[in-house]
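*Asks:* When we follow my numbering, the leftmost residue of the sequence shown carries the number 258, and every step to the right adds one. For each residue, glycine too, the CB sits at the ideal point set by N, CA and C. Being a predicted model, the structure only gives us computed values, none of them experimental.
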Amino acid sequence: MPAKINLALKVGGRRPDGYHPLATVYHAVSLYDEVEAVWAEPDEFDVQVTGEGADQVPLDDSNLALRAARLLARTHGPYDSLGASLSIRKAIPVAAGLAGGSSNGAAALLACSVLWDLDVSPEALRELAAELGSDVPFALLGGTALGSGRGEEVVPALARGTYHWVLAFGHHGLSTPAVYGRFDELTPDAAAPEVPDDLMGALRSGDPALLGAALSNDLQDAALDLQPRLRQVLEAGLEYGAVGAVVSGSGPTCAFLAAGEAAAIDLAVALSADGVCREVRRVSGPVVGARVLA
């Protein structure tokens, strides 16, 4: 399952149900978690986690992959005859604005549907994904896509080209509810969200420079307010040659768009040597969403 970055994330005012209306452009990149599902005793579900930030991932029913397996069994089972033991191997950081938890939920839906040999259509899986969380349907789809509603309504976007990115991981995670709460304080009169036309035009052109200039995130000011050192990270990436920089989702990961693969290598080396972030990863996108490896 790939990580995602938001090329644009436009956020409206908080709705009565507590969610915010979104207009976003999702972009799946080549940083992957893997979820393995094997049979367990009927009505028994458990999860184990290894890799990046494993000690920060809950192992109880708040784990999105575990919730996904239970939801799929309950909805399309015979529930009392199905069980699964899940193993998550993480490379996507936790609480990083890269939808790692959402990708795990989407992967569990797909893995368990194959494990249990369920006759579940892609549309039915997307409906379950929307119940689990705003970013989960995109994790199934992948590529580059427009998101609306609270982010769960996704359709593929018209986009050309492959883009090379450098991701700078923060020293500390950021709570998505905390970032949205600070956004509400900073933007009490948020307008109805719309995806910028210049971003869509840049995607159609396939020009990294145009895309870099069009990157935007309404949550960025809130993330910077909660973690001011991120401003230094963004400035460093631009100084070292990135053609665009943006905080991904609710942060704290900073995503830097490079002019090409060679430029991305140079940028990754420079950011690593600078020491402004915990870790640097070079990725490309768009990539496909959830898929079965074996």
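According to DSSP, is residue 490 helix, strand or coil?
*Replies:* Residue 490: helix per DSSP, three-state reduction.
*Asks:* Quick one: give me the first and last residue of the alpha helix (DSSP H) that residue 333 is part of.
*Replies:* Looking at the DSSP string, the run of the alpha helix (DSSP H) that includes residue 333 is 321–333.
*Asks:* On a CA-only basis, which of 442, 450, 510 and 409 is nearest residue 395? Give me that one, please.
*Replies:* Comparing Cα positions, the closest option is 409.
*Asks:* Specify the secondary structure class of residue 374 as computed by DSSP and reduced to three states.
*Replies:* Residue 374 falls in the coil class under three-state DSSP.
*Asks:* Let me confirm a value: residue 360 is counted as buried when at least 16 other C-beta atoms fall within 10 Å, else exposed. Which label applies?
*Replies:* By the neighbour-count rule (16 or more Cβ atoms within 10 Å), residue 360 is buried.
*Asks:* What is the rounded straight-line gap between the Cα of residue 322 and the Cα of residue 303?
*Replies:* Each residue's alpha carbon lies about 10 Å from the other.
*Asks:* Comparing alpha-carbon positions, which option in 371, 328 and 296 lies nearest residue 390?
*Replies:* Of the candidates 371, 328 and 296, the one whose C-alpha sits nearest the C-alpha of residue 390 is 328.
*Asks:* Roughly how many whole angstroms lie between the Cα atoms of residue 331 and residue 288?
*Replies:* For residue 331 and residue 288, the distance between alpha carbons rounds to 31 Å.
*Asks:* What span of residues does the beta strand (DSSP E) with residue 264 cover, start to end?
*Replies:* That run of the beta strand (DSSP E) goes 259–268.
*Asks:* Can residue 427 and residue 484 be called in contact, C-beta distance under 8 Å?
*Replies:* Yes, they are a contact pair.
*Asks:* Going by the DSSP bridge assignment, what does residue 538 pair with across the sheet?
*Replies:* According to DSSP, which records beta bridges pairwise, residue 538 is partnered with 424.
*Asks:* Of the residues 486, 457 and 462, which one's Cα is nearest the Cα of residue 472?
*Replies:* Taking only the C-alpha atoms, the option nearest residue 472 is 457.
*Asks:* For residue 467, I'd like the list of residues in its chain whose CB is within less than 6 Å of its CB, leaving aside the five on either flank, ordered along the chain.
*Replies:* Excluding positions up to five away in sequence, the list reads 459.
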